[in-house]
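Here the structure comes first, spelled out in structure tokens, and everything after it is commentary.
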Amino acid sequence: MSIAKHHAEWLSLIEVSGPFLSLPVLVRHFPQGLDPHDPEHAKALRQRHEEWDEDQNGPRPDPAIHRQWIDWVLRNTLDLGEVLAEGQDIPQTLKADLPEHGETLRPDKVVLEPGGGRARVLIQT
8 MSIAKHHAEW LSLIEVSGPF LSLPVLVRHF PQGLDPHDPE HAKALRQRHE EWDEDQNGPR
68 PDPAIHRQWI DWVLRNTLDL GEVLAEGQDI PQTLKADLPE HGETLRPDKV VLEPGGGRAR
128 VLIQT
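So in the numbering used here, the last one in the sequence shown is 132, and the numbering has no gaps at all.
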């Protein structure tokens, strides 16, 4: 498979937003191509994405299916299970108070530095 086709296939699995995730950007930053996934994983990823996409574009998107999709990608595609914090494992200090809206935002998942270090990515599903 050509590098451009591989990039295009990968991009078809995500919602492209702005100039940051586009075929020209991927080709420029990954001229050698992305590391290929094994065929079984790629098949499972496509199937899970189709299920998620069908649900999210349906008349009543199910938030549980959305959360399952995000969790599956984080753990199985990105292999972040060992550095992923959820629930009580998320430090209580990771929050944003919005008193003008009467809300406090907290992440549902956090990607930590290896060894349980600082938060690298905050994820709200």
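Just so it is clear, CB atoms sit at the ideal spot from N, CA and C, and this is done for glycine as well. Quantities reported herein were computed from a predicted structural model and do not represent experimental measurements.
Name the DSSP beta bridge partners of E110, please? L105
Where the alpha helix (DSSP H) containing E89 begins and where it ends: Looking at the DSSP string, E89 is not in any alpha helix (DSSP H), and its letter there is neither H nor E.
Cβ distance (whole Å) where L20 is taken to contact L52 below 8 Å: 7 Å
Measuring alpha carbon to alpha carbon, tell me which of V32, H56, P31 ends up nearest N83. H56
Could you tell me the alpha carbon to alpha carbon distance between V118 and P43, rounded to whole angstroms? 23 Å
Just to confirm, is the Cβ distance from P114 to L101 under 8 Å? yes
Apply the 10 Å Cβ neighbour rule to K12 and answer buried if 16 or more other Cβ atoms are within range, or exposed otherwise. exposed
Residues bridged to A126 (per DSSP): L119
Close Cβ partners of Q131 (< 6 Å) along its chain, the five nearest in sequence each way excluded: P114, D115
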